[in-house]
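Visitor: Residues in the sequence shown are numbered from 1 upward in steps of one, following UniProt numbering. C-beta atoms are modelled at their ideal positions from N, C-alpha and C, and glycine is treated no differently. Remember, predicted model here, so these are calculated numbers, not experimental data.
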Amino acid sequence: MPKTPATKKTTTKKTTTKKKTTKRKAPKKNLVIVESPSKAKTIGKYLGSRYKVVASVGHIRDLPKSKMGIDVENNYDPHYISIRGKGPIIKELKKEAKKAANVYLASDPDREGEAIAWHLSHLLGLNPEDKNRVIFNEITKDAVKNAFKTPRKIDMDLVDAQQARRILDRLVGYSISPLLWSKIKKGLSAGRVQSIALNLIIKRENEIKKFQPEEYWTITGSFKKGRSKFEADFWGVNNKKLALENNEAVQKVMQKIDPQKPFNITKVTRKERKSQPGLPFTTSTLQQVASNVLKFRTQKTMMVAQQLYEGINIGRGGTVGLITYMRTDSTRVSNVAQAEAHQFIVDQYGENYAAASVRQGKLAESAQDAHEAIRPTSTLRTPESLEKYLTKDQLRLYSLIWSRFVAAQMKPALYDTMSVDLEQNNVQYRATGSKLKFLGFTKVYKVQTKAKDNMLPDLNEGDEVVLKESAPRQHFTAPPARYTEATLIKTLEGNGVGRPSTYAPTLSTIQKRYYVKLTARKFEPTELGEIVNNIMEDCFPDILNVDFTAHLEGELDNIEAGKLEWVEVVDRFYQPFAKEVISAENKLAKIKIKDEPAGIDCEVCGAPMVIKLGRYGKFYACSRFPDCRHTKAIIKEIGVTCPLCHKGNVVERKSKKNRIFYGCSNYPECEFVSWDRPVGRNCPKCDHYLVYKKTKKGQEVVCPNGDYQEVVENS
1 MPKTPATKKT TTKKTTTKKK TTKRKAPKKN LVIVESPSKA KTIGKYLGSR
51 YKVVASVGHI RDLPKSKMGI DVENNYDPHY ISIRGKGPII KELKKEAKKA
101 ANVYLASDPD REGEAIAWHL SHLLGLNPED KNRVIFNEIT KDAVKNAFKT
151 PRKIDMDLVD AQQARRILDR LVGYSISPLL WSKIKKGLSA GRVQSIALNL
201 IIKRENEIKK FQPEEYWTIT GSFKKGRSKF EADFWGVNNK KLALENNEAV
251 QKVMQKIDPQ KPFNITKVTR KERKSQPGLP FTTSTLQQVA SNVLKFRTQK
301 TMMVAQQLYE GINIGRGGTV GLITYMRTDS TRVSNVAQAE AHQFIVDQYG
351 ENYAAASVRQ GKLAESAQDA HEAIRPTSTL RTPESLEKYL TKDQLRLYSL
401 IWSRFVAAQM KPALYDTMSV DLEQNNVQYR ATGSKLKFLG FTKVYKVQTK
451 AKDNMLPDLN EGDEVVLKES APRQHFTAPP ARYTEATLIK TLEGNGVGRP
501 STYAPTLSTI QKRYYVKLTA RKFEPTELGE IVNNIMEDCF PDILNVDFTA
551 HLEGELDNIE AGKLEWVEVV DRFYQPFAKE VISAENKLAK IKIKDEPAGI
601 DCEVCGAPMV IKLGRYGKFY ACSRFPDCRH TKAIIKEIGV TCPLCHKGNV
651 VERKSKKNRI FYGCSNYPEC EFVSWDRPVG RNCPKCDHYL VYKKTKKGQE
701 VVCPNGDYQE VVENS
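#1: Quick one: which unbroken beta strand (DSSP E) runs of 3-plus residues sit fully inside the segment 550–601? Chain order, please.
#2: Taking DSSP as the reference, what is the three-state secondary structure of His475?
#3: Please determine, among Ser385, Ala249, Pro376, the residue with the shortest C-alpha to C-alpha distance to Arg404.
#4: Here's a check: name, in chain order, each residue in its chain whose Cβ is nearer than 6 Å to the Cβ of Cys683, leaving out the five neighbours to either side.
#5: Would you grab the beta carbon distance between Glu207 and Pro480 for me? Rounded to a whole angstrom, and I think it's under 8 Å.
#6: Count the other C-beta atoms from every protein chain shown that fall within 10 angstroms of the C-beta of Ala367, then say buried if there are 16 or more, exposed otherwise.
#7: Give me the DSSP bridge partner(s) of Trp217.
#8: What would DSSP say about Thr298, mapped onto helix, strand or coil?
#9: Closest by CA to Lys392, which one among Thr301, Thr477, His371?
#10: Just curious, the beta strand (DSSP E) that Trp235 is in, first and last residue?
#11: So, Met418 versus Gly433, is the Cβ gap smaller than 8 Å?
#12: For my contact list, Ile43 and Val53 are in at a C-beta cut-off of 8 Å; report their separation, rounded to the angstrom.
#13: Regarding Leu158 and the ligand SAH, is the C-beta to nearest heavy atom distance less than 7 Å?
#14: Rounded to the nearest angstrom, how far is the Cβ of Leu467 from that of Phe263, given a contact under 8 Å?
#15: According to DSSP, is Gly680 part of a helix, a strand, or is it coil?
#16: Out of Lys28, His551, Val250, Ala356, point me to the one whose CA is closest to Ala100's CA.
#17: Quick one: using the 10 Å Cβ neighbour count with 16 as the cut-off for buried, is His342 buried or exposed?
#18: Bridge partners of Gly663, per DSSP?
#19: CB Ala413 to CB Val444, shorter than 8 Å?
#20: Within 8 Å, do at least three Cβ pairs link the segment 473–493 to the segment 216–229?
#21: For the segment 604–620 against the segment 506–518, do three or more pairs of beta-carbon atoms, one drawn from each stretch, fall closer than 8 Å, so that the two count as touching?
#22: Please state if the CB of Val159 and the CB of Ala97 are separated by a distance shorter than 8 Å.
#23: Does DSSP put residue 738 in a helix, a strand or coil?
#24: Who pairs with Ala621 in a beta bridge, going by DSSP?
#25: Provide the residue span of the alpha helix (DSSP H) that contains Lys141, from first to last.
#26: Contact defined as beta carbons within less than 8 Å: I believe Thr298 pairs with Gln307. What is the distance between those atoms, to the nearest angstrom?
#27: Return helix, strand or coil for Glu372, following the three-state DSSP convention.
#28: Would DSSP call Tyr692 helix, strand or coil?
#29: Between which two residues does the alpha helix (DSSP H) containing Phe344 stretch?
#30: So what does DSSP say about Asp463, is it helix, strand or coil?
#31: Please classify Gly529 as buried or exposed, where buried requires at least 16 other C-beta atoms within 10 Å of its C-beta.
#32: Taking DSSP as the reference, what is the three-state secondary structure of Thr10?
#33: Between the alpha carbons of Thr324 and Leu242, how many angstroms are there, rounded?
#34: Go through its chain and collect everything with a Cβ distance to residue 745's Cβ below 7 Å, but skip five positions before and after it.
#35: At a cut of 8 Å, does the segment 569–585 reach the segment 486–502 through at least three beta carbon pairs?
#36: Determine the direct distance from the alpha carbon of Glu603 to that of Glu669, and round the result to whole angstroms.
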């Protein structure tokens, strides 16, 4: 069989036509602009990948620093410029806005935040009619997402109110400050609210200087009924209250009392007293309580509160704002927050602790009521549950806010009270006592729990008790107390001066200018402050008039409400003010602050040194200035030899933050430094130097290197 020839295998090449694939463009993102990077970080996590959240880092436009920047001849037209150093941020914002699908402005929900949104809108060329303004009172997932469902237009009434305040403050500051520079010294300033704060401090100081103590006496009697003892205070004679003005009046009362004769119980009153919880915090009440309880300075309170508001990483819960907006003058609380707090109280403490209806505070006439009170964004986030995520300061402030809010939703504390009148020979004593019956809100908010149980024994009308001892005591009336940060804020708020956002910077400014100093947490005016205040009193009485300034604050509120035009308000203020400035320039002579002899010679040229008053207080300077520019800090010796070099003396110094510390007079040769004041002797255990340490009860001597301590008896 013949072999068939091999057939050649043919392969056909497949031809594939390449399809042209058009690259899909990534969808444009929505741009959200807030003020701070930490706020941007928190909100970005809630909104997801369709949004890009960036920060303007505060204001991006403002009035120029180098000049007034206001055209008083042309309806007070402000000349805004980009803030120096913000160029790269503005450039980046413009770049991001250009490629964004939509731009949302989510700055803080107040006048200042509205103004920031308006300036951003102007710089980015956004349509003023666009609904691109988003506001939320708390930075939580639900609050933020709901806010983006209902954006609104920029509220120009809010912007105008902020603009009017800014222009008024600029007109005052840039008119009076140059006057102070030319008449006193450079670097001084004056402002509407700061001038009133300084004036209040100086008036209080003058009251203290003029104060004449008045003598008065009290008599405390120790009484006994059976085995029970109690104390009662002298009340009056012949059923009329009698003030004991001197020892002679005391002796007349004592002569009427027969030591052998018992006192009769003539009246016993038993009552139940309610102690109501405080309302949730406003900005000023938070600043006051944080100052009194936590010893926080006002600026520190606001800084920590800002951190809690903008968001903290709490582990699995992610980053979340822990409190509502911290600049508010309202005590209002949302129904949702109230309901959550009510259920929490029922679950944790029982039905009998939850208030059936929550007490509503009366809104002050000057309050804006734009936001809720300061409260936790969720009552369920207890301070204990957040302890490991917060710094010490954050935890202390959050605990204060949380407990105050929860307590405000609880029933009042109940006390059994008892009042007893005792009489012998027409001489009346009175004793009072109370005992906590029901904890109520004090179970949570222990700050307000001051009363101690001091219940009287079982006494009834007609009982006889024996006077064991009478102790007359001489007293003298005390002068009014100097203002603390807390009491000054309370006074400013009570007078309707300033707003929640102004108190912290106001108190900071009067200290930076060295108009006042803080001594033992109380304000004292300086010589420079008194000179500036005298000029303000003589030349600008309206600025220092509390009623005038409060009225002006009311007009700013009316601008916000759309009832007044801002130009009209500014003009009504500026026309008479401008005349006062011209009058002051003509009548004020140059004031020279006299140098005091220092009693020491210059170490450089040998000329006598003098004490000068500078921006940060007094210092030594050579009397031959400017030929000799040698200066020296005024230091206070504490009478202790340096424990390190044993040659120099320990001196009191101040840090950049005005905190007192102790160092060696031979610095920099000797680098001894201590925050605590050295005692001047060594530890008997380890020979380390001893220091004084403050405690709640006073102070004690301790060894920083060990466990040795001594109790210091308070005199």
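Guide: In short:
#1: 596–601
#2: Counting from one through the sequence shown, the residue named residue 475 turns up at place 475. Reduced to three states, the DSSP call for His475 is strand.
#3: Looking up residue 404 in the sequence shown gives position 404. It is Pro376 whose Cα lies nearest to the Cα of Arg404.
#4: Here residue 683 refers to the residue found at position 683 of the sequence shown. Leu690, Cys703, Tyr708, listed in sequence order.
#5: One-based indexing of the sequence shown puts residue 207 at position 207. One-based indexing of the sequence shown puts residue 480 at position 480. Indeed they touch by this definition, with Cβ atoms about 5 Å apart.
#6: Numbered from its first residue, the sequence shown carries residue 367 at position 367. Because the pLDDT of Ala367 is 46, which lies under 50, any placement of that residue in the model is unreliable, and the number read from its coordinates should be weighed accordingly. Classification for Ala367: buried.
#7: By one-based count along the sequence shown, residue 217 stands at place 217. Bridge partners of Trp217: Leu244, Gln474.
#8: One-based indexing of the sequence shown puts residue 298 at position 298. Here Thr298 sits in helix by DSSP.
#9: As a first step, residue 392 is located in the sequence shown; it is residue number 392 there, counting from the start. That would be Thr301, whose Cα lies nearest to the Cα of Lys392.
#10: Numbered from its first residue, the sequence shown carries residue 235 at position 235. Run containing Trp235: 228–237, per the beta strand (DSSP E) assignment.
#11: Here residue 418 refers to the residue found at position 418 when the sequence shown is read from its first residue. Here residue 433 refers to the residue found at position 433 when the sequence shown is read from its first residue. Yes. Within cutoff.
#12: As a working note, residue 43 is residue 43 in the sequence shown. As a working note, residue 53 is residue 53 in the sequence shown. That pair is a contact at about 5 Å.
#13: In the structure shown, the ligand SAH is absent, as is every other ligand, since no ligand is present at all.
#14: Position 467 of the sequence shown, counted from the first residue, corresponds to residue 467. Position 263 of the sequence shown, counted from the first residue, corresponds to residue 263. About 6 Å; that satisfies the 8 Å criterion.
#15: As a working note, residue 680 is residue 680 in the sequence shown. Reduced to three states, the DSSP call for Gly680 is strand.
#16: As a first step, residue 100 must be located in the sequence shown, where it is residue number 100. Per the Cα distances, Lys28.
#17: Position 342 of the sequence shown, counted from the first residue, corresponds to residue 342. So His342 counts as buried.
#18: Reading the sequence shown from its first residue, position 663 is the one you call residue 663. Its beta-bridge partners are Val651, Val673.
#19: Along the sequence shown, read from residue 1 onward, the residue named residue 413 stands at position 413. Along the sequence shown, read from residue 1 onward, the residue named residue 444 stands at position 444. Not a contact, by the Cβ cut-off of 8 Å.
#20: yes
#21: yes
#22: As a working mapping, residue 97 is identified with position 97 in the sequence shown. As a working mapping, residue 159 is identified with position 159 in the sequence shown. The answer is no: Cβ separation not under 8 Å.
#23: Here the chain has residues from 1 to 715 only, and residue 738 is not among them.
#24: One-based indexing of the sequence shown puts residue 621 at position 621. In the DSSP output, where bridge partners are listed per residue, Ala621 has Val610, Thr631.
#25: Here residue 141 refers to the residue found at position 141 when the sequence shown is read from its first residue. Lys141 -> alpha helix (DSSP H) spans 141–149.
#26: Stepping through the sequence shown from its first residue, residue 298 is reached at position 298. Stepping through the sequence shown from its first residue, residue 307 is reached at position 307. No, Thr298 and Gln307 are not in contact; Cβ-Cβ is about 16 Å, not under 8 Å.
#27: Position 372 of the sequence shown, counted from the start, is the residue given in the question as residue 372. Here Glu372 sits in coil by DSSP.
#28: If you number the sequence shown from 1, residue 692 lands on position 692. The answer is strand: DSSP assigns Tyr692 an E or B state.
#29: Translated into the one-based positions of the sequence shown, residue 344 becomes position 344. Phe344 -> alpha helix (DSSP H) spans 335–349.
#30: Here residue 463 is taken as the residue at index 463 of the sequence shown, counted from 1. Reduced to three states, the DSSP call for Asp463 is coil.
#31: The sequence position of residue 529 within the sequence shown is 529, counting from 1. Flag for Gly529 reads buried.
#32: Position 10 of the sequence shown holds residue 10. Here the model assigns Thr10 a pLDDT of 45, short of 50, so the residue's position is not dependable, and the following value carries that caveat. Coil, per DSSP.
#33: Within the sequence shown, numbered from 1, the residue matching residue 324 stands at position 324. Within the sequence shown, numbered from 1, the residue matching residue 242 stands at position 242. About 52 Å.
#34: Since the displayed the chain opens at 1 and closes at 715, residue 745 lies outside it and no answer follows.
#35: no
#36: Here residue 669 corresponds to residue number 669 of the sequence shown, with the count starting at 1. Here residue 603 corresponds to residue number 603 of the sequence shown, with the count starting at 1. The alpha-carbon atoms of Glu669 and Glu603 are separated by roughly 17 Å.
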